[in-house]
Amino acid sequence: MTTEFAVRASGVGKTFPTKAGDVVALTEVELTVSAGEFVSLIGPSGCGKSTLLRLIADLDSATTGELEIFGKPAAKARIDQDYGIAFQQAGLLPWRTVGGNIALPLELHGMAKPARAKRVADLAELVGLTDFIDRYPDQLSGGMQQRVAIARSLAEQPRLLLMDEPFGALDEMTREYLQGELTRIAKETGAAVVFVTHSIPEAVFLSDRVVVMSPRPGRITEIVTTDLGEVRDETLRESPEYFTRVTAVREALHGAPVERANER
Amino acid sequence: MTLRAGKVRAVSWGVLGVVALLGSWELYKFLGPAAGFVVGATEGETGSGVMLLPRTNDRAMPHIWDMIARLGESTSGGTTPPLIVPVITAGLTTLGIAAVGWIIGIVVGSILGAVMQRWRLAEAGLLPWIVVSQTIPLIAFAPIVNTIGMQASRGSAFDWPQALSVAIIASYLSFFPIAIGVLRGLESPDRMHLDLMRTYAAGYWQTLFRLRIPAAIPHLLPALRLAAASAVVGAVVAEVSIGMQGGIGRMLIQLAGQGSSDPAAPWGPTLGSVALGLVAAGTVALIGLTLKNYRRGEQTA
Chain A
1 MTTEFAVRAS
11 GVGKTFPTKA
21 GDVVALTEVE
31 LTVSAGEFVS
41 LIGPSGCGKS
51 TLLRLIADLD
61 SATTGELEIF
71 GKPAAKARID
81 QDYGIAFQQA
91 GLLPWRTVGG
101 NIALPLELHG
111 MAKPARAKRV
121 ADLAELVGLT
131 DFIDRYPDQL
141 SGGMQQRVAI
151 ARSLAEQPRL
161 LLMDEPFGAL
171 DEMTREYLQG
181 ELTRIAKETG
191 AAVVFVTHSI
201 PEAVFLSDRV
211 VVMSPRPGRI
221 TEIVTTDLGE
231 VRDETLRESP
241 EYFTRVTAVR
251 EALHGAPVER
261 ANER
Chain B
265 MTLRAGKVRA
275 VSWGVLGVVA
285 LLGSWELYKF
295 LGPAAGFVVG
305 ATEGETGSGV
315 MLLPRTNDRA
325 MPHIWDMIAR
335 LGESTSGGTT
345 PPLIVPVITA
355 GLTTLGIAAV
365 GWIIGIVVGS
375 ILGAVMQRWR
385 LAEAGLLPWI
395 VVSQTIPLIA
405 FAPIVNTIGM
415 QASRGSAFDW
425 PQALSVAIIA
435 SYLSFFPIAI
445 GVLRGLESPD
455 RMHLDLMRTY
465 AAGYWQTLFR
475 LRIPAAIPHL
485 LPALRLAAAS
495 AVVGAVVAEV
505 SIGMQGGIGR
515 MLIQLAGQGS
525 SDPAAPWGPT
535 LGSVALGLVA
545 AGTVALIGLT
555 LKNYRRGEQT
565 A
């Protein structure tokens with residue numbers, strides 16, 4: 001494979017038919033995500049950021065335009081397990097242990113047991129849960145559950161990671177900790193990440209590029225390049241460059257017709 | 265409150281309930297009028313008027329200790345074994361038949377439930393009929409099943425046993441909660457888990473075995489318990505209805521017929537059928553214990 005793009009969308013749109021007529025959730029999306037790049041999608045509710053992620057994941061299909069994942073149609077990329085995915089809820093199976101949950105995709109794809117055990121151990125170590133491998137999800141905190149979900153999404157060694165507000169339900173402390181962990185993991189695995197969030201600081205801290213979207217119809221209004229370098233740590237959160245970027249994204253967001261989430 | 269204390273408490277309430285029931289029986293027997301209380305009776309005409317309070321004499325309401333003592337006395341005089349022996353034998357016969365009916369009900373109910381979950385059209389077409397099926401009076405339906413069975417096997421080497429009719433009728437009651445429980449259970453995984461399975465490119469069967477069936481277990485256990493109780497009721501009623509010998513249903517009818525001369529006797533098989541229901545429900549509870557990990561969601565909501 002010689003494609004350099006993890007995701008390439010051109011003219012992508014999505015229309016949902018409803019009783020009251022068609023609702024345009026997404027229109028004219030032009031976006032490329034390079035291999036290994038960290039891209040955040042940010043915008044108010046209804047801007048289509050989650051829809052775009054679902055299109056990339058082939059959980060919904062685009063109404064118009066072309067969408068390629070590593071040069072393949074989205075459906076093919078899904079079947080080839082080219083991406084891993086994590087949602088806002090960890091979505092662990094409560095009857096499986098931490099290890100069992102991480103192993104689920106491997107089991108489904110018929111990986112032999114010894115190889116599976118090894119891979120699960122590696123992944124548990126990557127997310128720092130080695131001691132919890134035999135615990136059940138209800139014995140873990142929300143942050144730990146989300147780390148299991150991240151480990152599970154990495155199980156098939158995907159080159160693309162899709163994340164839909166994975167830290168949205170966590171408290172601020174856990175959130176910042178996991179953000180740091182995620183940048184480390186993304187670098188270690190070399191995977192490209194498409195990260196949906198509604199937090200400006202989170203988007204800036206994590207991303208190489210922040211894609212600002214706006215609703216009605218959902219579309220991309222601006223793309224902010226952060227240029228904050230490789231190292232993303234706690235000192236970055238207090239640096240002037242960081243604040244400049246946060247401001248840039250905030251202005252990009254508000255430059256678009258302002259629409260508060262709770263007014264929808 | 266610890267889990268253990270909770271259990272002790274649940275058991276105490278259960279015991280208290282039984283004691284209260286027995287107590288009110290004896291209390292009414294003690295306080296109520298022996299000949300009952302009848303309004304508007306015509307002098308010298310038996311059975312006239314409206315009975316407002318039932319009789320409390322020993323023929324109508326034997327003492328609880330008499331019922332229990334009767335279990336130890338010979339079944340029908342002479343050298344016949346104590347009543348408890350035929351009650352147990354008949355009880356085991358009925359339990360066996362009910363168990364077969366329960367298993368048939370599980371197989372049929374699971375298939376129906378799974379088919380209805382898989383195809384919406386099947387749900388629309390089948391579900392109303394499944395609900396209607398439970399409104400048919402069993403007592404009328406049982407002889408028909410028996411006749412069909414006998415006619416179908418007539419002249420063939422296979423001799424249709426009455427017990428098979430009884431088992432089928434038991435399954436007729438027990439398949440219903442299973443079908444509904446399986447349908448609801450298989451539908452219970454949330455959207456996100458189904459999306460997740462889709463991202464893993466898992467097919468229908470993989471999703472069924474890795475996600476839908478494990479997720480269905482909390483719905484299945486109550487269904488299994490209901491089905492077990494229904495199977496026992498169905499078996500007892502069917503035995504009575506088609507006149508099968510050897511089971512506890514037949515024994516109940518026989519001893520009830522002698523009730524006026526031996527009022528405590530019919531309570532033997534009655535207690536026996538209560539015990540059957542408890543054994544059936546207890547078996548399901550044991551199954552539930554082995555599936556504890558699949559019920560984690562229930563404990564920590």
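Chains A and B, in that order, are what the protein sequence lines are.
First residue of the first sequence? That's 1 in the working numbering, and the numbers climb one at a time after it.
First residue of the second sequence? That's 265 in the working numbering, and the numbers climb one at a time after it.
Glycine included, each C-beta is placed from N, C-alpha and C at the ideal position.
Note that the coordinates shown come from a computational prediction; the quantities given were computed from them, not determined experimentally.
Asked: Entirely within the segment 423-506 of chain B and at least 4 residues each: give me those alpha helix (DSSP H) ranges in chain order.; Found: 426-450, 455-463, 468-471 and 477-506
Asked: Give the straight-line distance between the Cα atoms of A:G142 and A:P166, rounded to the nearest whole angstrom.; Found: 11 Å
Asked: Quick one, which residues of the segment 120-141 of chain A are near chain B if we go by CB-CB under 8 Å, in chain order?; Found: Y136, P137 and D138
Asked: Got a sec: which bits of the segment 48-59 of chain A sit with their beta carbon under 9 Å from any beta carbon on chain B, in order along the chain?; Found: R54, A57, D58 and L59
Asked: Can you find the residues in the same chain that come closer than 8 Å, C-beta to C-beta, to A:L93, ignoring five residues on each side of it along the sequence?; Found: G100, N101, L104 and P137
Asked: Could you pull out every residue in the same chain whose Cβ sits closer than 8 Å to the Cβ of A:V246, ignoring the five residues on either side in sequence?; Found: I200, P201 and V204
Asked: Are the beta-carbon atoms belonging to B:L335 and B:G498 less than 8 Å from one another?; Found: no
Asked: Using a C-beta to C-beta distance shorter than 9 Å, which residues of chain B count as neighbours of A:F87?; Found: M456, D459 and L460
Asked: Nearest by alpha-carbon distance to A:Q15: which of A:D60, A:T97, A:F87 and A:V212 is it?; Found: The sequence shown places Thr at residue 15 of chain A, rather than the Gln named in the question. Checked all of A:D60, A:T97, A:F87 and A:V212; the closest Cα to A:T15 is A:D60.
Asked: Quick one: is A:A124 buried, meaning 16 or more other Cβ sit within 10 Å of its Cβ, or exposed?; Found: buried
Asked: Who are the near neighbours of A:A62 in its chain, counting only those whose CB is closer than 7 Å to its CB and skipping five residues on each side?; Found: V12, G13, K14 and L55
Asked: Using alpha carbons as the reference points, say which of B:S525, B:L488 and B:A298 lies closest to B:G373.; Found: B:L488
Asked: Taking the C-alpha atoms as reference points, what is the distance between B:A479 and B:S452?; Found: 7 Å
Asked: At a Cβ threshold of 8 Å, is B:P486 touching chain A?; Found: no
Asked: Does the distance from the C-beta atom of A:L41 to that of A:V194 stay below 8 Å?; Found: yes
Asked: What separation, rounded to the nearest whole angstrom, lies between the Cα atoms of B:L390 and B:G510?; Found: 36 Å
Asked: Whose CA, out of B:Y436, B:L535 and B:G278, lies closest to the CA of B:I348?; Found: B:L535
Asked: With distances taken Cα to Cα, identify the nearest neighbour of A:E181 among A:V211, A:G65 and A:L206.; Found: A:L206
Asked: Closest to A:A35 by CA distance: which of A:E4, A:L106, A:G43 and A:S45 is it?; Found: A:E4
Asked: To the nearest angstrom, how far is the alpha carbon of A:H198 from that of A:I69?; Found: 24 Å
Asked: Can you tell me the Cα-Cα spacing of A:I223 and A:G255, whole angstroms?; Found: 13 Å
Asked: Could you name the residues of chain B that A:G65 contacts, counting a contact when the two beta carbons are closer than 8 Å?; Found: Ordered by position in chain B, no residue passes the 8 Å Cβ test against A:G65, which lies about 21 Å from the chain.
Asked: Given a threshold of 16 other Cβ atoms within 10 Å of its Cβ, counted over all protein chains shown, does A:Q157 qualify as buried or as exposed?; Found: exposed
Asked: If you run the structure through DSSP and keep just helix, strand and coil, what is A:F87?; Found: coil
Asked: Which ranges would you report for the alpha helix (DSSP H) in the segment 304-348 of chain B if only whole runs of at least 4 residues count?; Found: 328-336
Asked: Drop a sphere of 10 angstroms on the beta-carbon of A:D208, count the other beta-carbons inside from all chains shown, and report buried for 16 or more, exposed for fewer.; Found: buried
Asked: Compare the C-beta of A:Q81 with all C-beta atoms of chain B and state if any pair is closer than 8 Å.; Found: yes
Asked: Pick from B:I512, B:R448 and B:A549: whose alpha carbon is nearest that of B:V379?; Found: B:R448
Asked: Within its chain, find whatever has a CB closer than 6 Å to the CB of A:R116; leave out the 5 residues flanking it on each side and keep chain order.; Found: A103 and L106
Asked: Along the segment 148-168 of chain A, where does the CB come closer than 7 Å to a CB of chain B? Name the residues.; Found: none
Asked: What do you get for A:T2, buried or exposed, if any count of 16 or more other CB atoms within 10 angstroms of its CB means buried?; Found: Its pLDDT being 49, under 50, A:T2 is placed unreliably by the model, and the measurement read from it follows with that caveat. Flag for A:T2 reads exposed.
Asked: Taking A:P17 as part of the beta strand (DSSP E), name the residues at either end of that continuous run.; Found: F5 to T18
Asked: Less than 8 Å between C-beta atoms, sequence neighbours within five positions excluded: which residues of the same chain meet that for B:I551?; Found: L485 and L488
Asked: Please list, in chain order, all residues of the same chain as A:L31 whose beta carbon is under 6 Å from its beta carbon, the five residues on each side excluded.; Found: A9
Asked: Less than 8 Å between the beta carbons of A:M144 and A:L160, yes or no?; Found: no
Asked: Whose CA, out of A:E230, A:E251 and A:T225, lies closest to the CA of A:E188?; Found: A:E230
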